[in-house]
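Here's the structure, in structure tokens; my notes come after.
Protein chains: 2
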Amino acid sequence: MKYLWSILLVALLVVNVNQSEADCGYAACHETKPNMVNIHLVPHSHDDVGWLKTVDQYFYGHKNNVQHAGVQYILDTVISELVKDPKRRFIQVETAFFNKWWVEQPETSKQIVTKLVNEGRLEFTGGSWSMNDEAAVNYQSVIDQYSLGLKFLENTFGACARPRVGWQIDPFGHSREQASLYAQMGYDGEFFSRMDHNDKDTRMENLSLEMVWEASESLNDDAKLFTGLLYTYYWETPGFCFDVHCSDDPIIDGDSYDNNVKSRVDDFIAYAKKVAAFFRTNHIMIPMGGDFQYEDAEVNFKNMDKLIKYINERQSEGSNYNIFYSTPACYLNSVHEGLMTYPNKTQDFFPYGSDTNSFWTGYFTSRPTQKRFERDGNHMLQVAKQLSTFANLTSDKQNEDLEYLRRIMGVMQHHDAITGTEKQHVSDDYDRLLHDAIVGAQNNAIDGLRKLTNLPTGEFESCMQLNISVCAFTKDSADNVVVTLFNPLAHTSTEYVRIPVKEESYQVTDEKGRVVASEVLPVAWQVLALEYRSNDTQHELVFKASVDKIASYFIKKVDSGDSAVRALPKKSKAAFTSNKDIASNQVNMVETYDDNDSGETVVENSLIKLVIDNKTGRLKTVSMNGVSESIEQKFAVYKTKDSGAYAFRSNGDVEEVDDEVEFTVYEGALVKEVHQHVNEWISQVIRIYEGINRVEFEWLIGPIPTDEETAREIVTLFKSGISSNGVFYTDTNGREMLKREKNKRESFEADLNQQPISGNYYPVTSRIALQDGNKRLAILTDRAQGGSSINNGELELMLHRRLIRDDGYGVDEVLSEEKFGTPLIARGKVFLILNVADAKATAAERVEEKQIHLPYWKFFSKSSSVSSSAVPLETPDFNDFPNSVHLLTLEPFSDDEILFRVENFMDHNEGKAVSFNIRSIFDTLGGLEIRETTLDGNLPLSEMKRFKFHQDGAGVSPSTPEYYTASHKPLAVEKSQDVDDFSVTLKPMQIRTFIIKRE
Amino acid sequence: MKYLWSILLVALLVVNVNQSEADCGYAACHETKPNMVNIHLVPHSHDDVGWLKTVDQYFYGHKNNVQHAGVQYILDTVISELVKDPKRRFIQVETAFFNKWWVEQPETSKQIVTKLVNEGRLEFTGGSWSMNDEAAVNYQSVIDQYSLGLKFLENTFGACARPRVGWQIDPFGHSREQASLYAQMGYDGEFFSRMDHNDKDTRMENLSLEMVWEASESLNDDAKLFTGLLYTYYWETPGFCFDVHCSDDPIIDGDSYDNNVKSRVDDFIAYAKKVAAFFRTNHIMIPMGGDFQYEDAEVNFKNMDKLIKYINERQSEGSNYNIFYSTPACYLNSVHEGLMTYPNKTQDFFPYGSDTNSFWTGYFTSRPTQKRFERDGNHMLQVAKQLSTFANLTSDKQNEDLEYLRRIMGVMQHHDAITGTEKQHVSDDYDRLLHDAIVGAQNNAIDGLRKLTNLPTGEFESCMQLNISVCAFTKDSADNVVVTLFNPLAHTSTEYVRIPVKEESYQVTDEKGRVVASEVLPVAWQVLALEYRSNDTQHELVFKASVDKIASYFIKKVDSGDSAVRALPKKSKAAFTSNKDIASNQVNMVETYDDNDSGETVVENSLIKLVIDNKTGRLKTVSMNGVSESIEQKFAVYKTKDSGAYAFRSNGDVEEVDDEVEFTVYEGALVKEVHQHVNEWISQVIRIYEGINRVEFEWLIGPIPTDEETAREIVTLFKSGISSNGVFYTDTNGREMLKREKNKRESFEADLNQQPISGNYYPVTSRIALQDGNKRLAILTDRAQGGSSINNGELELMLHRRLIRDDGYGVDEVLSEEKFGTPLIARGKVFLILNVADAKATAAERVEEKQIHLPYWKFFSKSSSVSSSAVPLETPDFNDFPNSVHLLTLEPFSDDEILFRVENFMDHNEGKAVSFNIRSIFDTLGGLEIRETTLDGNLPLSEMKRFKFHQDGAGVSPSTPEYYTASHKPLAVEKSQDVDDFSVTLKPMQIRTFIIKRE
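Top to bottom, those sequences are chains A and C.
The letter at position 634 of the first sequence is residue 634 when you use UniProt numbering, and the numbering goes up by one with no holes.
The letter at position 844 of the second sequence is residue 844 when you use UniProt numbering, and the numbering goes up by one with no holes.
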């Protein structure tokens, strides 16, 4: 085969010798006709990076009985078809698949594809590793997976491969942050196809299916992005699916009884006419493709060729429809040249209602443990990136391990991965991939630690089961353990560390040998009750640490005299003996209440005071930050039937769990915990740490009972007296905040009669809040969840779901997860902050948000041969950064380059532009030069030039196309330059990305 | 696209410049390994020329919701894949589809394909227009469709395209005549895949899945053919369907968690090992394909490439399995070189029992009117061929019209066309195609007639509705009609002509103006009762004609004195007035019987005497040829439930229709008819003509009643006293006869417990007979039917079927035909001959068979301006041929060539070799040279060299491969040569084929 490919290549090269590389991009767009309706026919395939099948199953065409799809064949046959005719076009979207295919290609095939890319015949669109979800993802991971995809394209093909438009055609609702990130990466626009049906209807009436999205209140022009909705989803024109897996009529143009050219052309033109009526220019975009189409690309292209031929032949009879192969970028270019003005858009596109009974808000919470595991993946990725950079790890194995986790995190962002909308076996495969990738990257982190800590024989390990308070390392070696903490944040961070231990006596010392105060607490009853949990560690050792970048703490078993203080049970309502015979030795030690006790229990430290109602066993009042508010926290259940992995469909109001809660209070000096036993399948620990200004609610839910008619979706509910008037706030992908107003939308009337609850649900990636003139209540999360404020003063977050139906959007499985043979039990945390209602409060929340998102990573090793005087090698010190500056990324970029990304995480209300100097960082990293790039790291910022679209009502329309370039002077400095040249200013919410060339 | 194809072509040509054309055929086979199991992997697609979809729907991939299949894409993508690697192979079978694709190709694509053919990478196998059925086809049409397909291949590609093996992989049983024809066309062997399961089991035990078929008792070596059964039907290895429409696992060889190379190779080798145990050489053939596979050939080839690679890689570890792309011809070549001996086979492979309850014998009769219409198509085709040749028609239109009917007749031979096993809409499309093709070819015939008859303004027409005694021409113009008769047989033929007329007075004269005796008879009551029949012609005019090649008769309305004699009703049992008020004016004229009459009615002419039982109304005795025998003819019904279009599944014995039959006898001097009214949906006319030595039974059946639990399949039953001892005889495709013995098979025990009737059914294409030492009873048919002899002395033929179930073999429709809104009514004829039991009797049957198969074609024109002295132009006179010689084919072959085929239709028991001289024919046709070819007309007979296989027990095994060449000196003569050189000798059953080059 190679032999003939080479010939073909030679032939191609000979013929194309006069074509320069400038033929890619907009220069490669086919000519359009000014006085006609120009139909941009866009061949594409939508290839989910896992959904009904795993990534590899999709790639190889494995398990075709589940779904017929084989991406390798799509790329094989598309390339063959593109070669046949230079007029043909195809867009490739998911770089995860393209990369997998590319590495299997022989050299000659690679040269052919390169040629096709250079001629704009194969055009990358979107271009990220996967087409990410927009509800459950954190912006850090989105940026990472765009950097990853675009870097692969840049390294493989150069500039011609750089995507110009976003192509988020399948995600179930669209975040403003995604648009903002696109703008910051220099994209010219974004297209998608799922929009609330009422919104779409309204926009069709108003000719506003295309708009200018003002995607950040802080970033202004830097975050404006042209955004368009596809007319008929991303699917082919109805009746014109020319795919091998479709059954629509082909174009029959031969001497056949069945010749259908006339009727087929009539039908297509009629459709084009209908579409054209809803758009402002004389251009329309008609995608030709769908899920995993083009597996037999010859079928598609042969018929599209005919369609184009016969539609254009009509022009000689006076038809004014002009059709040609195109790409989303070429369509956008035509629109840009059309010089029309467009309406603006300032909020986002959540929730997505596909009909009046179907708001896709269930997936905000679906598969809660997978959503959390993805956060662990990001956590390790950032840790490994920083450690690899600090230690300058460069072996192939090290590069591969780090790259593998980058890629798997790219996969996890996929809109059927982190969303929880895949089949169970695919979810299992994601878990496998992510687990393996974390283990691999952890090897890097450990290699880095070895170089940075000089711990000579330290065999570091992570404990992946800390979520169920299990760690084989501390179980077996608990008499001599080193806990090495890595802090991925820029600034020194203070955190309480929890280590599972047996019920013994321990002492904790720091690197200087100083004893560190510690306490031992029992593990919560429901965790202990887990059948699949090894029950060796029934307690946790807690101590407070403060870490710049790296610090080690030493734990050893000691006589009880020197040991950690045991936090003792103080009070308890009802004995826990009824629920497994655990902690029974403590039961008799505590004061108990009788059932009719109407008093209160106060749990209090220097910053926070909680009041528990003895009768209900629930939180009643919170006082902190000088504010006191009655806040009842309850669990509540939506008993549903027709909910699915995507859609949350309530049948009525939430049912609050009003059972009296049994509880035990443990009081230590460092930490105070209220262990609540809500019912057989819900428990919780409410926890406050000395010096930490938030209240932690560690919930544990499951196995959720269901029956044939009843699914259950569990929420945590915070009922306050704050007069929120239907207004609440949710974050967008963990960055900016959006104002939500119950039953209101930005620019249309939503029909919420059938689903008044679900239609008010929004994605909560990191934070939900409400306030009145005085008080503000914010809940921060440890993973993405759905949330809302259904009643004034109340916030709710959906924590876990176990369903009984599929919702008919393709998964064809009931979301009813099991682990170890029983319905899935999920554990997690939400964090409450009560404060005065001002910008200082929200600024404080942002700091907490970062700490929750990127806490220490804990490495364990044996302390046998370790000198407590070991000192880490030099790592850069980021403590000079202003407090609002986040070390967003620090990672190896190439053998001699580092990617360095900083963010001012305060918005324009919370802070101002901050300046700081990065010279010392630059030097510590061995920098020779530093250049600024677009957000993704691949395009020099000085070269960024992106479409500007005129907005409706913004004055006189332009007479020539307009562009944006960088709004500040891009940094570009060498080692020889003055320290002042290394000054960096970050406006509120601004992120700047640099490539540091090192020695 | 053309542009890039040309480059590719240039490249190919450059690279392949040193390769000569001798690389095709067996020389192109990949090398094998002597000490290994050689696995011949044979990529193929089985593309039905109509079945669930029409021919064009299959070609274009139209109506993919009915069945996903698009032949254009198969050929497109297969060619692309073959180009990629010279090791790849593909066989193309159905020339109907290949031709349709070829004509759409641009020149450059044609050159590429030619190259592939010349290098043996694309190999034609089978090669006929369609893969014909073997049960219902007449040998003349099989020869025609092979000639057609092979001629297209020869003209398009030359010798490299000539198929070497037959590939009858799907037909439902296999005829001996098919094998005989293959041998006569020079094929090296034949493969098929459907064999009775008991037969197959036995052959597996005996290592006799491959054999030497002695396919003619008369032709001996000239008809011996190697024949092999495919192991797993024609489908791919179980679990290894690498087609885009399959779901088997691909070969996953990448760095994937799902890598399955080891298990896939293990599984395939295990299968190969199993297969190899059943074959004699160290070669096995594994077809890779199935119905309409390879629509996305890249999927198939990519995975087969990997399979080959990894299986052969095992050889380095000691595996002795060697796998490579191959073709059936290459496999056969290896087998031939293997020098093993093979068992012989002398009978055929009917009926096909796929399991003990499923004998595929229903399709012998399914769609009886379509089976008859196909015979009309052949009839017109032979007429038009001869007339085109005689008149030397050469215009493009004329060539196209004739070619079109050749092609449509090729289509009709397909194993889902003439079999009646297609969906109804497909059957309708066949009718449309055949109707149009007959009308087109008829124009040729008429053009020819105009030149040959000198009838200046004669506007000839055919009457396509004579089967329901309707002819618009004779209805409207009946007072002045010329009937021009064309006799396609070699010898002058005598026939009674029947013309539908009104009840008027007519006179018939011949070309010399002489009055010809004629009679008028009423049309049978049930025909008249047809609601969709125009009722203008209630009578038929009958006269006797005798025609060499062409003769005209003139019909005019006259005063009653000069008119045709009216055959009067003589006797009747019961008045017909109860059944529609037709012919009522005659009812009172006849003698009637009362219900208890136990007497007889004798109907008799100079050759035949029939006795009707007055009580039953049925035939009781026949006397002819000096033999008298009690023969009762009855209709009988199989009430079935689980029968389908393919399988006839009786639930018990046949139920004879014992109702007393009402009848009327019409007696004329020329013709005598007994009109029988059997029941509301069965009637019959028993008819004898003066001077014609057979009894005609014209049956009319329908609408057949059915209900939810009861389908009905109708047979005609002839019960004689002949002691046949379970032995009977049926023809094989209208040529030789095979002996059948009830409950017996040639070489295995068939399990007939579940289906004792169906398992004894055989295809009757033209004749079924039984005999004892003295008497012989033969029934000849006008179309293909199923028949048997279930009880001694009895013959039955299934005439019509109306079913209530599908039999599960894919059609997924109930065979319950309707026309004009009512269940289909079918009309047809069977012919009885009673004779002494000797070879003279069977010889006489053969003559009748030819007359029934190719009677006169009747052309009608107006006589207004015609001189009765018009004389036809000279046509060759074939009357000098010996009586046993049939003018099998005479047709234009190219612009200056004629194909001429003669057959000695007596077998070795009935006649001897006959010689005759064709010089006068040659001269009349303007011959310059004549050369002899293989049966199909495309290979000079002198060049024929085909594999000979040594038979078990035939002495010492050969040490080198053996071959057959022509068994007589091929004729090759020029005009200048002596008349004696034009002598032709035909051994019994021999067919010889010549190409005459004309001026």
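We put the CB at the ideal spot given by N, CA and C, even for glycine.
As the structure is a computational prediction, the values presented were derived from the model and not from experiment.
- In the three-state reduction of the DSSP assignment, I804 of chain C falls in the coil class.
- For G448 of chain A, the enclosing alpha helix (DSSP H) has its first and last residue at 424-453.
- Close to chain C, meaning a Cβ-Cβ distance shorter than 9 Å, are the following residues of the region 56-67 of chain A: D56, Q57, F59, Y60, G61, H62, K63, N64, N65, V66.
- By the 16-neighbour rule on beta-carbons within 10 angstroms, Q977 of chain C is exposed.
- In the DSSP secondary-structure assignment, E903 of chain A is bridged to A:H886, A:I991.
- For C471 of chain A, not one C-beta of chain C is nearer than 9 Å to its own C-beta.
- Counting along the chain, the unbroken alpha helix (DSSP H) around I143 of chain C starts and ends at 139-157.
- The Cβ atoms of I688 of chain A and L607 of chain A sit closer than 9 Å to each other.
- For the region 70-82 of chain A, the set of residues with a beta-carbon nearer than 8 Å to any beta-carbon of chain C comprises G70, Q72, Y73, D76, T77, S80, in chain order.
- Residue ranges of uninterrupted beta strand (DSSP E) with 3 or more members, entirely inside the region 694-728 of chain C and ordered along the chain, are 695-701, 711-720.
- Using beta-carbon distances, P250 of chain A counts as an interface residue toward chain C, with a partner under 9 Å.
- Within the DSSP bridge table, the entry for P958 of chain A names no partner.
- Within the region 456-506 of chain C, the alpha helix (DSSP H) runs of at least 4 residues that lie entirely inside it are, in chain order, 472-476.
- About 7 Å separates the beta carbons of F554 of chain A and V508 of chain A, which is inside the 8 Å limit, making them a contact pair.
- Taking 7 Å as the upper bound on Cβ-Cβ separation, chain C lies near no residue of the region 179-212 of chain A.
- In the DSSP assignment, the residues bridged to T509 of chain C are C:V515, C:F554.
- Close to V244 of chain C, with beta-carbon spacing below 7 Å, are these residues of chain A in chain order: V244, E295, D296.
- Annotation: V764 of chain A has no Cβ neighbours in chain C at a cutoff of 8 Å; minimum Cβ distance is about 34 Å.
- Taking 9 Å as the cut-off, the beta carbon of M185 of chain A is found no closer than this to the beta carbon of H415 of chain A.
- Contact check for L332 of chain C and D188 of chain C: beta-carbon distance about 6 Å, within the 8 Å limit, so the pair qualifies.
- Rounded to whole angstroms, the separation of the alpha carbons of R694 of chain C and S469 of chain C is 22 Å.
- Within the DSSP secondary-structure output, S915 of chain C pairs in a beta bridge with C:T985.
- By DSSP's assignment, G353 of chain A forms a beta bridge with A:F359.
- By DSSP's assignment, F226 of chain C forms a beta bridge with C:G189, C:V212.
- For S546 of chain C, the enclosing beta strand (DSSP E) starts and ends at 539-547.
- Taking a Cβ-Cβ threshold of 7 Å, none of the residues of chain A is close to K33 of chain C; the smallest such distance is about 23 Å.
- When the alpha-carbon of D907 of chain A is set against those of A:Y964, A:A841, A:H968, the nearest one is in A:A841.
- Fewer than three pairs of CB atoms, one per stretch, sit closer than 8 Å, so the region 186-205 of chain C makes no contact with the region 68-83 of chain C.
- Going by beta carbons, H30 of chain C and S326 of chain C fall inside the 9 Å limit.
- Chain order gives the chain C residues near Y257 of chain A as D56, where near means a beta carbon separation below 7 Å.
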